[in-house]
Structure formats: structure tokens, C-alpha cells
Amino acid sequence: MHSVPVLSKKNTGCCLGLFFAFLLACLMPLTAHAAIVADHTRAVDLTPTEVALAKSSLHIAYGHTSHGSQLVTGMSALSAYNSLYSFSSGGANGSLDLRDYAMAGDVGYYPDWYDNTREYLGPPDPSTGRGTANPAINVVIWSWCGQASSYSEQDMIDKYLTPMSQLEQEYPGIQFVYMTGHLDGGGAAGTLHYRNNQIRTFVQQNNKILFDFADIESYDPSGNEFYTRLANDNCDYDSDGNNSLDQNWAVQWLADPANQYSNLKTLAETYCGDCAHSQKLNCVQKGRAVWWLWSRLAERQALVVTKTGTGSVASSPAGISCGSDCGEFYAKDSPVTLTATPENGAVVTGWGADCPSCGTNTVCTVTMDRPRSCSVSFVPGHTLTISRNGAGSGSLTSLPAGINCGSSCSSSFVAGSNVTLLATPASQENAFTGWGGGGCGGCPWTSDTCVVQMDSDKLCSATFEPANLIIVQKTGNGSGKVTSNYPGIDCGSSCFAAYAKTMTVSLFATPEAGSVFVGWQQDCEGSSCSLFMNVRHYVTAVFEQEDVARLGENSFNSIAGAYAEAGSTATIRVRDKELNEDLNLNRAVNVTLLGGYASGFATVSGVTTINGSVTIGGTNGKVTLSNFVIR
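Numbered according to mature numbering (1 follows the signal peptide of the UniProt record, and there is no 0), the sequence shown spans residues -34 to -1, 1 to 597.
See the structure below:
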């Protein structure tokens, strides 16, 4: 097993500033905005981790003729030198899946190459953005075979750049690799140079992927440039400016004694097979550069958006604008935020596929730890608009979410659905005083909620006014509840509420069983309470335990309590109620129990029912019962 190839230190000293500039570029994080270009500076060594990521992530379809085989020949040399770089059609035994000659022909014959690509991939799968005939394929690359040298600027647009862009839109889950044409000896003034620069400019301006075939064979491994010296695909060049190709940079570099210990020399002379139309060193450099490209492509994951209904989806970082562009590749493990924008009154009814947790929100964030697919549905809707009236302040919210007024006082909701509005005063110095408008006219003004049926666009209003508090306290040994004629006081649990300063509020005291309401104290007196809310009010409601029995003028809340205090020949009067108590009447006294008394103990109005046991015992004692039922 050989180690991963490295360049001999003797041959890496040129252009150190340029080297470090490219190194910094390599280390910069990939975003959806960055073009990826494999040129002569990318014929570099990779770590085993980078190679392994490419092998585990990529499934590549390569269409080419003889010139394009240079990439595969270089990759084969690397694989022979070090099995880390193994590849095969289908990716057997952990190798890189490279399907060589997957599509017939080369990119110079349009529309053949375009049609062959679509036939090979099959109809697009909208959920993955890949083809249905070969669904694993996530990288497609084509090479030229000389035709770029004769293309006009418009030919390049019509026959290459535009069709490639169309494929990218049709298959957003596939990374399509652009390529420059091989050198033809025309130099910096030749047609090929202009066409290659046209491709390079398009790639940079539109954040595409480029394997710069021509650039790689324009430089030797030491960084010396030859394309301006009329270099061709065989690495021949004009050394003396007389327009004759009298030298070969690949032959010269390998023959240079300074490079005799270079691993590149070993790769080219020992492990590389015949390099079609060129020199073995050129194939090795292309193999190294294309492996760098594979490793970079593996660092990106596809995000594909599908949508139904009327609306669009955009991404941050930029890249997706769906409508037209519904897929993009993002750095592995990076977060991407999708924003759905309904159109023509539509609303978002839900996200699906890899985004179900986003519900009906218009914003959804997904982590690109793997290829992702997100779907979003838009359905027809109606608009609910609400205004706030009055001199007070408060907020309005809705369920489902959409209204948050405050800031957002209008939102669209699914046609035919019900929307519940909730009015919340801003503080205790504010009160909600009612609903209005055609959409909320049927809602009771005494309720802080309003249900609106969205069978059309609706307008609502809510009024908040300056307010004062009513604060209720309950005292006494009894129990009861205080309520108000307007919602707010239910004490019980809610013993204070704010009411508009122009309102008059009535309070009502309701004793619980076994208790009586004695009366009001503080800002109310007597048995009734009505408050004008121009100031804050403090009110106390007094509840006492209800008298059950009376012994002389003394009251008791149980028969047992009265019996315990009774002397001989005493009479105990008992209310006309059902009493849940057990009696043990065993004292040595003579007591008469008279039941059925009305409140006040003046008249008899019924019977007294005891739900419990009554035990009469002891000596020298007597109990007389009247108007009692014992159960």
C-alpha cells in the first residue's frame, strides 16, 4: 500500500504567494453562492477523509469520447498507485461510483448530448430533483472533443450554456459539471481561448461547477504557463516564438533531474496507461484535479423544494427561488431557511417531506446533514384585517396564527375556516370594551374572544379604553363567590379586573352551601354593589358560616355544637335543611330538638333531615325529637 501521493518538496517552491492565495480559497466555506472551479491549482493531494466522503456520497455519470478519457486515465493511475482512489461503475466494495461512458457521444454534438442526458436520467422526480431512470445519479459531467474551437459566441450560448442551465433547472438534485475544451494550439488569440473564457465567465457569474480541462494542461506541475506559447492537448508548445511546436512541457518536466524523486513522475511513468491525445503527466494532473472536484462536490447536499398552489419559496442563503429555480446545493450540515410567500390571497396549509414540523408557518429551517426535500402547499384564502380603536392600548392575536396586532393586523386564512381572535389589554390601566366591523359584528362585546368565519374577506375592529381596577377581597368564616355583570371578576380565581373609566360595574355575591353573604365593605356597603369606574375601587365581600342550630340566642353551625352547650330542659331549634352529621346524644340532660325552622328560627317551614347516624345513650338523660327525618 502506497501513501497518498504528495508533490516533491523540490517542485513546490514556485509562486508561494499564489499557492497560499489558492489555499485560502480552498479553506473558505462553501455556500450556495460560490462557483467551484477545478483548474491547474486544484491538482492537489487529498486527505483520506476527503476521498472517503466523495466515495460515500457521489454517483457520477460521465459522457465523453477519446479526449474526455484523460480524466479516467488519470484516476486509474491514482487508483493503481493507491487503492484509496478506487472507482468503479456502481461503486462496488466501497469505491467511487463513476459510470464511465454513461451517455453516448460528447458535449460537442447538440442536441444529441442534451437528449442523451435526459434519456439516461429519465423523467425528473420532483421529490429528489434527480432522474427516475437512474435515481442514484447526483453528478453529471460531459467533455468536449474539439468542437469548442469552432463555436461562435452565440453557438456556445445556444448549444451548451443554455441547455446546461435547462438541465440544472429540470434536475435540481443533480450537480452538473461544466467543462472547457482541450487546447488546440491557438494560444491567447485563438477562438478556443475566447470560448473557454466565455464558459469560465458564465460559471463564475452564475455560481456553477467547472472542470477547467484547458487550464490544467496549460501549466506544468511547477506552475509554468504554456497556453500563450501555443500549447496543444499533447503538451507541445512553441519554445522560441517562431510558431513551431518544438518542445513538450510534460516530457521536459519528467526529464528534469530536479523532479526525479517526485511522486508525480512515479505516477506518470509507472502507473499511468496511455493518455489519449496527450502525455501521461497531463492525465495524472487531470486525475488529481478531478478528485479534488469530487471531494468538493461531496461537501454539498441537495435541497429540493416542491410546491402546490399559488405562491413562491425563497431560501437564505440564496439559491432557491421557486417558481423558477426549486433546487440548490448547500454546504453539508449548514442551516437553510425557506420562506414561503403566498400569492393572490393564498395561504400556507403545511410543509411536508423533510419539513413537517414547520406546520403552517411561512418560514421553515432545515439542516443539510443529508439531501433534503421539502414540500409546501398553498390553498385559496381570504384576508382578515383588524383595526384597533379607542384611547386605550392592547393587542390582538389569532388562532391559527397570522394576526399579531401589534405589528401585523392583517393576514390570510384558509377559505371557509374559522379564526378565533383574542383581545388582550396592554396593562391593568387598559380594558377591552368590544368588537365591531362586519366580520366581528356578531361577537358579544362582553367577550374578549371572537370567532370569524372566513367565507370572504373580513374587516373587524376591537376597542380598548383607559381603565381602572376593581380589587375584591373576601372575609369571614364562610365561603362564596363574587362575580361581575361584565366579564372580569370571577372570585373564585380572578379577584381583580380592569374596566373602562366610563363604565358602571355591578358585583354579585353568591354564598356557597353552609354559608351566608353578610354584606359589602369598603367602596360598597350593604347588600348591593354598583361601581362607577372613574377611580380604582377596593371591595370586600363578607361571608359567614350559616346558622344550623340555635340554643337560646346563641347560634351554632351544627346540632352537635349546640347539644354540647345545652343545659337540662334546654330546647334546640334546628334549620329546615339536610345535614350531613353523626349525632351522639349521651349527656345526662333533658334536651328537646325541634326541627324544620326557617331562616331566623322564628317559624317552622319544613323538616330537618339528618344524613347520618343518631345515637342516644347514657343515664339520666332524655332527648325529644320533633320534625326530624333520619336517614
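Quick reminder that beta carbons are idealized off the backbone N, C-alpha and C, glycines included.
- Task: Just the C-alpha distance for Ala564 and Asp542, rounded to the nearest angstrom, thanks.
- Result: If you number the sequence shown from 1, residue 564 lands on position 598. If you number the sequence shown from 1, residue 542 lands on position 576. About 6 Å.
- Query: Is the CB-CB distance between Thr305 and Thr328 below 8 Å?
  - Reply: Here the question's residue 305 lines up with position 339 in the sequence shown. Here the question's residue 328 lines up with position 362 in the sequence shown. In this structure, Thr328 lies closer than 8 Å to Thr305 by Cβ.
- Chain-order list of residues whose beta-carbon lies under 6 Å from that of Pro129 (same chain, five-residue window excluded): Start at 1 with the first residue of the sequence shown, and residue 129 comes out as number 163. Around Pro129: Tyr80.
- Message: Quick check: what's the CA-CA separation for Phe483 versus Arg516?
- Response: Taking the sequence shown and counting its residues from 1, one reaches residue 483 at position 517. Taking the sequence shown and counting its residues from 1, one reaches residue 516 at position 550. Those two C-alpha atoms are separated by around 19 Å.
- Task: Please name the residue in Thr333, Met334, Ser343 whose C-alpha comes closest to that of Thr274.
- Result: Locating residue 274 in the sequence shown gives position 308, where the first residue counts as 1. Cα-wise, what sits closest to Thr274 is Ser343.
- Message: Considering just the uninterrupted stretch of the beta strand (DSSP E) at Met145, what are its terminal residues?
- Response: The sequence position of residue 145 within the sequence shown is 179, counting from 1. Its beta strand (DSSP E) spans residues 141 to 145.
- Task: Could you work out which residue in Ser459, Phe398, Gln251 is closest to Thr39 when comparing CA atoms only?
- Result: For the purposes of this step, residue 39 is taken as residue 73 along the sequence shown, with counting starting at 1. Minimum Cα distance to Thr39 is reached at Gln251.
- Item | Distance, Gly34 Cα to Trp110 Cα | In the sequence shown, the residue the question calls residue 110 occupies position 144. In the sequence shown, the residue the question calls residue 34 occupies position 68. Cα to Cα, the separation comes out at about 7 Å.
- Query: Can you tell me whether DSSP reads Cys564 as helix, strand or coil?
  - Reply: What you label residue 564 is simply residue 598 of the sequence shown in a count that begins at 1. Looking at the sequence provided, one finds Ala at residue 564 rather than Cys. DSSP places Ala564 in coil when its eight states are reduced to three.
- Closest to Ser278 by CA distance: which of Ser341, Val256, Ala234, Ser373 is it? As a position in the sequence shown, residue 278 is number 312, starting the count at 1. Minimum Cα distance to Ser278 is reached at Ser341.
- Can you tell me whether DSSP reads Leu304 as helix, strand or coil? Within the sequence shown, residue 304 is the residue found at index 338, counting from 1. Reduced to three states, the DSSP call for Leu304 is strand.
- Does any C-beta atom of chain B lie closer than 8 Å to the C-beta of Thr307? Reference to chain B is not applicable here, since this structure consists of a single protein chain.
- Query: How would you write the range of the beta strand (DSSP E) that Leu211 sits in, first residue to last?
  - Reply: Within the sequence shown, residue 211 is the residue found at index 245, counting from 1. Premise fails: Leu211 is in no beta strand (DSSP E) and is neither H nor E.
- Could you tell me how far apart the beta carbons of Arg502 and Leu435 are, in whole angstroms, since I believe they sit closer than 8 Å? Stepping through the sequence shown from its first residue, residue 502 is reached at position 536. Stepping through the sequence shown from its first residue, residue 435 is reached at position 469. The pair is a contact, with the Cβ atoms about 5 Å apart (cut-off 8 Å).
- Message: Here's the rule I'm using: 16 or more other beta-carbon atoms within 10 Å means buried, otherwise exposed. How should Ala463 be labelled?
- Response: Sequence index remark: in the sequence shown, residue 463 carries index 497 (1-based). It is buried - the Cβ of Ala463 has at least 16 other Cβ atoms within 10 Å.
- For the beta strand (DSSP E) that Gln226 lies in, which residues bound it at each end? Residue mapping note: residue 226 aligns to position 260 of the sequence shown, counting from 1. Careful: Gln226 lies outside any beta strand (DSSP E) and carries neither H nor E.
- With 16 other CB atoms within 10 Å as the buried threshold, where does Tyr227 fall? Against the sequence shown, residue 227 aligns to sequence position 261. So Tyr227 counts as exposed.
- Give the straight-line distance between the Cα atoms of Ser118 and Arg161, rounded to the nearest whole angstrom. Here the question's residue 118 lines up with position 152 in the sequence shown. Here the question's residue 161 lines up with position 195 in the sequence shown. Approximately 8 Å, taken between the alpha carbons.
- What are the boundary residues of the beta strand (DSSP E) that Tyr465 is part of? The residue given as residue 465 occupies position 499 in the sequence shown. Taken as a continuous stretch (DSSP letters only), the beta strand (DSSP E) holding Tyr465 covers 462 to 466.
- In three-state DSSP terms, what is Thr232? Taking the first residue of the sequence shown as position 1, residue 232 is located at position 266. Note: Thr232 maps to helix in three-state DSSP.
- Message: By alpha-carbon positions, which one of Val256, Leu559, Ser579, Leu362 ends up nearest to Val573?
- Response: Numbered from 1 along the sequence shown, position 607 holds the residue referred to as residue 573. Nearest option by C-alpha distance: Leu559.
- Query: In whole angstroms, what separates the C-alpha of Ser(-32) from that of Thr232?
  - Reply: For this step, residue -32 is matched to residue 3 along the sequence shown. For this step, residue 232 is matched to residue 266 along the sequence shown. With a pLDDT of 38 at Ser(-32), under the threshold of 50, the modelled position of that residue is not reliable, and no figure is offered here.
- Query: Any idea if Ser443 is buried or exposed, counting beta-carbon neighbours within 10 angstroms, 16 or more meaning buried?
  - Reply: Residue mapping note: residue 443 aligns to position 477 of the sequence shown, counting from 1. A small fix is needed here, since residue 443 is Asn in this sequence, not Ser. Exposed, since its Cβ has fewer than 16 Cβ neighbours within 10 Å.
- For Lys252, three-class secondary structure by DSSP: On the sequence shown, residue 252 is found 286 positions in, with the first residue counted as 1. Helix at Lys252.
- Leu220 burial status per 10 Å Cβ neighbour count (16 or more: buried): As a first step, residue 220 is located in the sequence shown; it is residue number 254 there, counting from the start. Burial call: buried.
- Query: Where does the unbroken beta strand (DSSP E) through Asp66 begin, and where does it stop?
  - Reply: Position 100 of the sequence shown, counting from 1, holds the residue named residue 66. First-last of the beta strand (DSSP E) with Asp66: 62 to 66.
- Task: Using beta-carbon positions only, say whether Val332 and Val385 come within less than 8 Å of one another.
- Result: In the sequence shown, residue 332 corresponds to position 366, counting from 1. In the sequence shown, residue 385 corresponds to position 419, counting from 1. Contact flag unset, no.
- Message: Please report the distance separating the alpha-carbon of Leu(-12) from that of Gly316.
- Response: As a first step, residue -12 must be located in the sequence shown, where it is residue number 23. As a first step, residue 316 must be located in the sequence shown, where it is residue number 350. Per-residue confidence for Leu(-12) stands at a pLDDT of 37, beneath the threshold of 50, marking its modelled position as unreliable; the derived number appears in the next sentence. Cα to Cα, Leu(-12) sits roughly 44 Å from Gly316.
- Query: How would you label Gln132, buried or exposed, when you count the other beta carbons within 10 angstroms and need 16 or more for buried?
  - Reply: For the purposes of this step, residue 132 is taken as residue 166 along the sequence shown, with counting starting at 1. Flag for Gln132 reads exposed.
- Item | For Asn396, the three-state DSSP class (helix, strand or coil) | Position 430 of the sequence shown, counting from 1, holds the residue named residue 396. In the structure shown, Asn396 sits in a strand (DSSP, three-state: E or B).
- Measure from the alpha carbon of Ala475 to the alpha carbon of each residue in Phe179, Cys490, His30, Thr415, then state which is nearest. The residue given as residue 475 occupies position 509 in the sequence shown. With distances taken between Cα atoms, Ala475 lies closest to Cys490.
- CB-CB under 8 Å to Phe522, same chain, minus the five flanking residues each way: which ones, in chain order? As a working mapping, residue 522 is identified with position 556 in the sequence shown. Result list for Phe522: Asp513, Val514, Ala515, Arg516, Ala528, Glu531, in chain order.
- Item | Chain-order list of residues whose beta-carbon lies under 8 Å from that of Pro477 (same chain, five-residue window excluded) | Here residue 477 corresponds to residue number 511 of the sequence shown, with the count starting at 1. So the qualifying residues of the chain are Gly444, Ser445, Gly446, Phe483, Phe509, Glu512.
- Item | Close-in-space but distant-in-sequence residues of the same chain around Asp320 (CB under 7 Å, 5 per side omitted) | Within the sequence shown, residue 320 is the residue found at index 354, counting from 1. Excluding sequence neighbours, Asp320 sits near Val332, Arg338, Ser339, Cys340.
- Would you call the region 175 to 185 and the region 137 to 147 touching, i.e. three or more CB-CB distances under 8 Å? yes
- Where do the N-terminal and C-terminal ends of the beta strand (DSSP E) with Pro432 fall, by residue? On the sequence shown, residue 432 is found 466 positions in, with the first residue counted as 1. Element bounds for Pro432: 424 to 441.
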